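Structure first, then comments.
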Amino acid sequence: MFLTGKTALVTGSTSGIGLAYAKALAAEGANVVINGFGDAAAIEAERAGLEQASGAGARYSGHDLTKVDQIEAMMAEAADAFGGVDILINNAGVQHVAPVEAFPLDKWDLIIALNLTAAFHTTRLALPHMKERRWGRIIQTASAHSLVASPFKSAYVTAKHGLAGFTKTVALEAATFGITANCISPGYVWTPLVENQIPDTMKARGMTREQVINDVLLAGQPTKEFVTAEQVAAIALFLCGDAAAQITGANLSVDGGWTAG
Ligand code: NAD
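So the mapping is simple: our numbering equals the position in the sequence shown, first residue as 1, plus 377.
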């Protein structure tokens with residue numbers, strides 16, 4: 378259990394990739410703060426399971442990360458409970474699929490706020506503690522869309538490219554403090570986020586569900602397989618270890634070869 382005594386906060390961890398990160402970190406003994414929305418009883422069951430797995434603490438924060446005061450409250454609560462955040466994983470994200478000229482303004486604002494600006498706020502609030510401890514890990518779930526674009530995903534591609542640039546800047550600023558900052562960039566991972574965009578993509582492209590899965594989602598993924606959330610979480614765990622102490626400012630693709638083409 379190499380993370381005993383460390384505290385990890387994973388945004389958007391009530392489901393999908395975020396929950397896989399939380400489970401991987403708890404299995405290595407970290408205190409974990411999970412965040413996101415969902416059914417209260419299901420979240421409590423996950424929280425209790427994390428505590429049991431780690432033998433350490435697990436807390437749930439239901440704060441809405443599109444709002445700066447709620448991000449500040451979440452970070453303050455984590456500091457009160459565990460003394461500060463040593464491992465920050467910015468993972469909360471949403472998607473919306475529409476042509477640029479028809480892109481709903483509220484969806485643009487939501488995606489930029491959650492997928493990009495929230496990571497700035499959590500990072501600025503986590504850094505003082507990490508610098509004081511002279512150890513920290515900042516990990517962003519970016520995306521293949523932090524490296525390449527796809528049509529109809531303008532806000533998401535913009536936010537993820539921004540996140541990649543932000544992460545490189547943090548890596549440079551924090552480099553002499555034992556803190557690393559990296560992006561993990563998955564291709565398509567089968568989670569509710571992917572499932573939920575199928576109907577809109579069917580509409581935008583005039584396709585059936587099977588066509589969207591095979592001709593859009595897996596079209597650019599040379600392995601023709603979805604990535605698993607556990608495979609993404611394993612990379613995060615590796616980044617937390619001493620072997621990864623010199624990996625900073627990197628953008629690690631886990632995309633079945635998508636961005637190699
Ligand atoms: P998901 O929908 O399963 O999980 C998203 C999480 O974010 C949930 O816990 C949800 O409750 C939370 N969330 C949503 N709005 C929030 C808000 N306002 N405040 C706080 N939490 C909020 O999605 P996922 O596929 O696990 O995605 C996680 C991350 O991975 C996202 O940043 C996404 O862009 C990225 N990603 C996903 C894929 C994929 O194929 N699934 C690929 C590349 C990158």
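We treat Cβ as the ideally placed atom computed from N, Cα and C, and that holds for glycine. Computed from a prediction, not measured in an experiment: that's the story for all the values here.
Collapsed DSSP secondary structure at residue i in the structure displayed
{"i": "His481", "result": "Position check: residue 481 holds Pro in this sequence, whereas His was assumed. Here Pro481 sits in coil by DSSP."}
{"i": "Tyr398", "result": "helix"}
{"i": "Asn468", "result": "coil"}
{"i": "Gln598", "result": "coil"}
{"i": "Ser523", "result": "helix"}
{"i": "Thr578", "result": "helix"}
{"i": "Ala435", "result": "strand"}
{"i": "Ile515", "result": "strand"}
{"i": "Val474", "result": "coil"}
{"i": "Thr547", "result": "Reading off the sequence shown, one finds Val at residue 547, where the question assumed Thr. Val547 falls in the helix class under three-state DSSP."}
{"i": "Ser531", "result": "helix"}
{"i": "Val462", "result": "coil"}
Where the beta strand (DSSP E) through residue i begins and ends
{"i": "Pro563", "result": "556-563"}
{"i": "Leu380", "result": "That residue, Leu380, is in no beta strand (DSSP E); it is neither H nor E in DSSP."}
{"i": "Ala697", "result": "Here the chain covers residues 378 to 638 and nothing more, so residue 697 does not appear."}
{"i": "Ile612", "result": "Segment 606-617 is the alpha helix (DSSP H) holding Ile612; no beta strand (DSSP E) there."}
{"i": "Ile411", "result": "408-412"}
{"i": "Ser390", "result": "No beta strand (DSSP E) contains Ser390, which DSSP labels as neither H nor E."}
{"i": "Leu629", "result": "628-631"}
Cβ-Cβ distance between residue i and residue j below 9 Å
{"i": "Asp632", "j": "Val589", "result": "no"}
{"i": "Asn408", "j": "Ala435", "result": "yes"}
{"i": "Val445", "j": "Ala455", "result": "no"}
{"i": "Leu616", "j": "Arg510", "result": "no"}
{"i": "Ala401", "j": "Ala611", "result": "yes"}
{"i": "Leu570", "j": "Val474", "result": "no"}
{"i": "Ala691", "j": "Ile561", "result": "Residue 691 is absent from the model: the chain starts at 378 and stops at 638."}
{"i": "Tyr533", "j": "Asn492", "result": "yes"}
{"i": "Val609", "j": "Pro563", "result": "yes"}
{"i": "Leu598", "j": "Trp567", "result": "Checking the displayed sequence, the identity of residue 598 turns out to be Gln instead of Leu. It is not a contact, given that the beta carbons lie outside the stated cut-off."}
{"i": "Ser438", "j": "Ala521", "result": "no"}
{"i": "Leu386", "j": "Asn412", "result": "yes"}
{"i": "Gly460", "j": "Trp512", "result": "no"}
{"i": "Leu502", "j": "Met452", "result": "yes"}
{"i": "Thr499", "j": "Leu442", "result": "yes"}
{"i": "Met378", "j": "Gly415", "result": "no"}
{"i": "Ala399", "j": "Ile448", "result": "no"}
{"i": "Ala419", "j": "Thr391", "result": "yes"}
Bounding residues of the alpha helix (DSSP H) (the contiguous stretch that carries residue i)
{"i": "Arg510", "result": "495-510"}
{"i": "Val445", "result": "445-459"}
For residue j and residue i, believed in contact at Cβ under 8 Å, the rounded distance
{"i": "Ala430", "j": "Ala404", "result": "5 Å"}
{"i": "Gly395", "j": "Asn468", "result": "4 Å"}
{"i": "Ala526", "j": "Thr625", "result": "Contact doesn't hold; Cβ gap of about 26 Å is too wide."}
{"i": "Thr388", "j": "Ile464", "result": "The Cβ separation is near 12 Å, so there is no contact."}
{"i": "Leu540", "j": "Gln517", "result": "5 Å"}
{"i": "Thr557", "j": "Ala479", "result": "Their Cβ separation, rounded to whole angstroms, is 40 Å, which puts Thr557 and Ala479 out of contact at 8 Å."}
{"i": "Val477", "j": "Ser531", "result": "5 Å"}
{"i": "Ala552", "j": "Leu504", "result": "Incorrect: roughly 12 Å between the Cβ atoms, too far for contact."}
{"i": "Phe529", "j": "Ala606", "result": "Incorrect: roughly 24 Å between the Cβ atoms, too far for contact."}
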